[in-house]
Amino acid sequence: DGGITQSPKYLFRKEGQNVTLSCEQNLNHDAMYWYRQDPGQGLRLIYYSQIVNDFQKGDIAEGYSVSREKKESFPLTVTSAQKNPTAFYLCASSTGPNTEAFFGQGTRLTVV
Amino acid sequence: KQEVTQIPAALSVPEGENLVLNCSFTDSAIYNLQWFRQDPGKGLTSLLLIQSSQREQTSGRLNASLDKSSGRSTLYIAASQPGDSATYLCAVWPQGGSEKLVFGKGTKLTVNP
Chain G
125 DGGITQSPKY LFRKEGQNVT LSCEQNLNHD AMYWYRQDPG QGLRLIYYSQ IVNDFQKGDI
185 AEGYSVSREK KESFPLTVTS AQKNPTAFYL CASSTGPNTE AFFGQGTRLT VV
Chain C
928 KQEVTQIPAA LSVPEGENLV LNCSFTDSAI YNLQWFRQDP GKGLTSLLLI QSSQREQTSG
988 RLNASLDKSS GRSTLYIAAS QPGDSATYLC AVWPQGGSEK LVFGKGTKLT VNP
């Protein structure tokens, strides 16, 4: 089945650790996105990539990093510089900008 | 800066009722508008995409309309069922090169049996 797979579903991070969230898609989409969702707030864009080996910062990129070495993969690293990382992280993809977006099932990250 | 607002934040209705969810956006310069459904603890499911040149889209019991000039969209759900209970999110793709979806905060719908 075509879709977007995020892993793990739940992730726990200790203070000072970096963690990486995985996002894989088999939809042959060029564009991929990472959003963060907090209670009572809308989704906020962290990073996006319109093509392999290229990505841009979104609205809240500080404390995060990404890579886009393959078309189907767009991992997100939450670094120790991110002061409040506890949130629900959603990965999305689309054929290009301004086209229908599809989302994965999310990863819930908790700092312990 | 494009802003998207969804009112009300929460809505509770009895089963079988027809209902309308509202979405407004501040800048009419958009490429398209997308409605999503989100179940608790889950990702977003795309329901309908309306391109800026379209007035409405239909999928089963769902009908979404778009009035770009007034900055409004509505999602109409016919004959609501308990399985429709979820949070419904509206998002727009703004023109002007931002290349990102701008989301509202959603309407949490509860359909009571």
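Residue numbers (the working numbering), protein chains in the order written: chain G, 125 to 236; chain C, 928 to 1040.
Glycine included, every Cβ here is placed at the ideal spot set by N, Cα and C.
Item                                                                                                                 : Value
Chain G within 9 Å of GLY968(C), Cβ atoms only                                                                       : yes
Proximal residues of chain C, C-beta to C-beta of PHE226(G) below 8 Å                                                : SER973
Spatially closest choice to ILE957(C) from LEU1002(C), TRP1020(C) and GLY968(C), by CA coordinates                   : TRP1020(C)
Three-state secondary structure assigned by DSSP to ASP1011(C)                                                       : helix
Chain-ordered chain G contacts of TYR1015(C) [CB-CB under 7 Å]                                                       : Going along chain G, no residue has its Cβ under 7 Å from TYR1015(C), so there is no contact; the nearest lies around 13 Å.
Cβ neighbours of GLY1023(C) in the same chain (closer than 8 Å, five flanking residues each side left out)           : ALA956
Unbroken beta strand (DSSP E) run spanning ASN177(G), endpoints                                                      : No beta strand (DSSP E) holds ASN177(G); DSSP gives it neither H nor E.
VAL202(G) versus ILE184(G) - alpha carbon distance                                                                   : 12 Å
GLN929(C) versus THR953(C) - alpha carbon distance                                                                   : 6 Å
Buried or exposed (CB count within 10 angstroms, at least 16 for buried), PRO209(G)                                  : buried
Per-residue burial, ARG982(C) [other beta carbons within 10 Å of its own, 16 or more giving buried]                  : exposed
Proximity test, Cβ basis, 9 Å: THR223(G) and chain C                                                                 : yes
Length of the line joining the Cα atoms of GLU193(G) and LYS1035(C)                                                  : 38 Å
Residue closest to ARG1009(C), alpha-carbon to alpha-carbon, out of CYS1017(C), THR1037(C), PHE963(C) and THR1001(C) : Just to set this straight, residue 1009(C) is Pro in the shown sequence, not Arg. The residue with the shortest Cα to Cα distance from PRO1009(C) is THR1037(C).
Any 3 or more C-beta pairs closer than 8 Å across the stretch 211-223 of chain G and the stretch 150-157 of chain G  : yes
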